[in-house]
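Worksheet: one structure, shown below.
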Amino acid sequence: MTTPKDDPGVSDGTGAAPVPSNFIRDIILDDLKTNKYEGRVHTRFPPEPNGYLHVGHAKSITINFGLAREFGGKCNLRFDDTNPSKEETEYVDSIIEDVRWLGGDFEDRLYYASDYFGQLYEWAVQLIQKGKAFVCDLTADQVRQQRGTLTEPGQDSPYRNRTIEENLDLFDRMHKGEFPDGSKTLRAKIDMASPNLNMRDPVLYRILHMDHHRTGDKWCIYPMYDFTHGQSDSIERITHSICTLEFEDHRPLYDWFIDQLGIYHPQQIEFDRLNLTYTLLSKRKLLALVQNKLVSGWDDPRMPTISGMRRRGYTPEALQNFCGRIGVSKTNGTTELALLEYFVREDLNRRAARVMAVLRPLRVVIDNYPEGQSEHLEAVNNPEDASMGTRQVPFSKVIYIEQDDFREDPPKQYFRLAPGREIRLRYAYFITCTGVVKDASGNVVELHCTYDPATKGGNAPDGRKVKSTIHWVSAEHAVDAEVRIYETLFNREDPNVVPEGQDFTVNLNPNSLEVVSGAKLEPSLRDAAPGSRYQFERLGYFAVDPDSSREKLVFNRTVALRDSWAKIEAKSAPPKRGGK
Ligand code: ATP
Ligand code: MG
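Position one of the sequence shown corresponds to residue -17 (the working numbering), numbered consecutively onward.
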């Protein structure tokens, strides 16, 4: 068995250097050494089905499933579905899909806290019988008011000293539906003066005459999350109950329930929540974006949801590698969005085939190329991976290049096409610009060029050099597509910072989506399957949208390349974006 000292660390499966160990792994290694759980490692991922999963959940999934995998243990998927007013089957289904997509293998261990409602009810009765719980007639507001503060103790409820018999009778009648919503609660009898507010006679059950997405109208009282979570872990005989730091103060309460009930005791371990720059990871706020139609849905490619990232073209491996690299700690911080994008790029660089696509086409006529002729030129699919082979790209007299790749009056650092200048067309020929056609308002609408037939494949036999290579698409063979370019959804590094009296939506980036409708792609992309990913040479990584079809091809830009041209341009010319 390995120990923290001789332990080699975790491999992220990419062949990269092992990630250093972390305090959660070290606890597990220690527990294995002392045989604390008879050598078992059993974790769980416990989402509440009140929204879609986001990249923060990806961190939790990676940790929980990753540790189980590493130590030959198990990880359950459990829905903590205690709040019927916010939970829906749509969320359950999406969460299952997302967990599987991220590689979380829960086998047949798909559980629901709602399956434990009967057991939880019995445990509540046990607490009443022990004199450790009472039925309280205070309203939610009154409970809150009497709770005290961090510096002042709370006040005992006037109902705290009801007899056990009276409490058993009232709780039974709550269960039978005799009382209206909000009129009574069951509360633990712990200590209204505890320095930990969670221990001040917390509510265990509330009355809610509302159908539940799984139990229907069977129950009209529902256990609170705090009375459910720890016992659910106990029922499932979880060994390491790994959760985020905000639950640290709840741990004494979970321990209290388990000790009072005398049941199996998992160990809770807390780690830091993921926060990302330019990103909000609150389900409540993400739901507001969806409900107010500020995005196209939970899977809008601008959303930080797993389904949005999938639609955008992120791979599970990129998310896993990112989560592996950020690790875990005991203090909350904020991670740069750029780091996530780095892992997306690094992964796609190896797996995505490179193709040529022109987003904003400028027509180029090659005057000395024979009319009606075309030929196929060999192009490399991925210079990082020779096994991905080559393909044939058609070339003909009229091609498209990017509008950006031509300047009539090129600034100093601009080396691409300009009048009289020779450049290389990727995989094709050297061309020289000989003429510029403009429309009535002076916009360049067409270029005339000549090509040098001796430079086929992109090299001049006389050894002459050109300073730039640009991509292109043959006009007659091109496939039309819509391309969606994304920027960050928020334009403030911390979107929670909001001017007085406004809400977080003021930080939405008005340029977060740009739809480019007239893109021209090389013909190999005609049958690109939804979900497939490509590098458009010089432009970035792009994924075929799930709603894309042969009739209307739609690509989402996953992430830009690190673009040195853009940087030079930003220095030498005023920015072209913005103010749309
Ligand atoms: P809610 O406000 O609805 O409780 P939540 O983000 O806590 O939202 P859960 O469904 O309760 O959502 O989360 C499931 C699991 O994912 C929990 O164990 C939670 O700690 C973890 N988790 C949630 N958000 C993050 C995050 N940003 N970083 C790491 N883990 C997270
Ligand atoms: Mg939660």
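No residue lacks a Cβ here, since even glycine has one placed at the ideal position from N, Cα and C.
Which whole-angstrom value is the C-beta distance of Val497 and Glu533, which I expect to be below 8 angstroms?
-> That belief does not hold up - the Cβ atoms of Val497 and Glu533 are roughly 17 angstroms apart, past 8 angstroms.
What three-state label does DSSP hand Arg559 in the structure shown?
-> Because the pLDDT at Arg559 is just 37, under 50, the model does not fix this residue reliably, and the value given afterwards should be weighed accordingly. Three-state DSSP puts Arg559 in coil, outside helix and strand.
Over the uninterrupted beta strand (DSSP E) stretch that includes Ser356, give me the two end residues.
-> Ser356 to Val362
Quick check: the stretch 403 to 420 against the stretch 312 to 327, are there 3 or more CB pairs under 8 angstroms?
-> no
Separation of Ala270 from Gly402, as counted between CA atoms = 55 angstroms
Who are the near neighbours of Gly440 in its chain, counting only those whose CB is closer than 8 angstroms to its CB and skipping five residues on each side?
-> Arg406, Leu407, Arg408, Tyr409, Ala410, Tyr411, Phe412 and Thr451
Note down the Cα distance separating Glu69 from Ser356, rounded to an integer number of angstroms.
-> 59 angstroms
Given Thr437, which residues of its chain have a CB within under 7 angstroms of its CB, disregarding the five upstream and five downstream residues?
-> Tyr411 and Phe412
Could you name the residues that DSSP lists as bridge partners for Arg126?
-> According to DSSP, Arg126 bridges with nothing at all.
Whose CA, out of Thr64, Asp13, Ile77 and Lys112, lies closest to the CA of Ala40?
-> Ile77
Cβ shell of Pro31 (< 7 angstroms), same chain only, five flanking positions each side left out = Phe61, Asp63, Glu69, Glu70, Tyr73, Val74 and Ile77
How many Å lie between Lys(-13) and Arg26 at the Cα?
-> Bear in mind that the predicted position of Lys(-13) carries a pLDDT of just 41, short of 50, making it unreliable; the figure below should be weighed with that in mind. In a straight line, the C-alpha of Lys(-13) is about 27 angstroms away from that of Arg26.
Do Thr221 and Pro248 have their C-beta atoms within less than 8 angstroms of each other?
-> yes
Where does Arg327 fall in DSSP's three states?
-> helix
Check whether the Cβ of Lys312 lies closer than 7 angstroms to any heavy atom of ligand 1, and answer yes or no.
-> no
Alpha carbon to alpha carbon, what distance is there between Arg51 and Thr(-4)?
-> Residue placement at Thr(-4) is flagged as unreliable, the pLDDT there being 46, under the threshold of 50; the coordinate-derived value follows with that caveat. Roughly 16 angstroms between the two C-alpha positions.
DSSP state of Asp476 mapped onto helix, strand, coil | coil
Kindly give me the distance between the Cβ atoms of Pro435 and Trp83, rounded to whole angstroms, as I take these residues to be in contact under 8 angstroms.
-> Actually they are not in contact, since the Cβ atoms of Pro435 and Trp83 sit about 50 angstroms apart, beyond 8 angstroms.
Look up Glu604 in the DSSP assignment and say whether it is helix, strand or coil.
-> The question about residue 604 has no answer, for the chain in this structure spans -17 to 562.
Does the beta carbon of Ser42 fall short of 7 angstroms from some heavy atom of ligand 1?
-> yes
Go through its chain and collect everything with a Cβ distance to Leu330's Cβ below 8 angstroms, but skip five positions before and after it.
-> Gly295, Thr297, Ala300, Arg515, Gln517, Tyr523, Thr540 and Val541
May I have the straight-line CA-CA distance separating Thr416 from Glu519, to the nearest angstrom?
-> 25 angstroms
Is it the case that the Cβ atoms of Arg284 and Leu495 are separated by a distance below 8 angstroms?
-> yes
Report whether the distance from the Cβ of Glu89 to the nearest heavy atom of ligand 1 is below 7 angstroms.
-> no
Give every residue of the same chain whose Cβ lies closer than 8 angstroms to the Cβ of Gln111, excluding the five residues on either side of it in the sequence, and list them in chain order.
-> Ile146 and Leu150
Contact test: Glu30 Cβ vs ligand 1 heavy atom, cutoff 7 angstroms = yes
For the beta strand (DSSP E) containing Arg515, list its first residue and its last residue.
-> Arg515 to Phe518
Do you know whose CA, among Phe53, Glu390 and Ala460, lies nearest Val380's CA?
-> Ala460
As assigned by DSSP and simplified to three states, the class of Asn4 = coil
Buried or exposed: Asn563, going by 16 or more other Cβ atoms within 10 Å of its Cβ?
-> Outside the displayed range of the chain (-17 to 562) lies residue 563, so it cannot be described from this structure.
How would you call Glu218, buried or exposed, if buried means at least 16 neighbouring beta carbons within 10 angstroms?
-> buried
Determine, using beta carbons only, whether Arg188 and Gly136 come nearer to each other than 8 angstroms.
-> no
Looking at C-beta atoms only, is the number of pairs between the stretch 238 to 253 and the stretch 270 to 281 that lie closer than 8 angstroms three or more?
-> no
Phe99, DSSP secondary structure in three states = helix
Does the separation of the CB atoms of Val310 and Ile9 fall below 8 angstroms?
-> no
Counted within 10 angstroms of its Cβ, other Cβ atoms place Thr(-16) as buried (16 or more) or exposed | Bear in mind that the predicted position of Thr(-16) carries a pLDDT of just 38, short of 50, making it unreliable; the figure below should be weighed with that in mind. Exposed: under 16 other Cβ atoms inside 10 Å.
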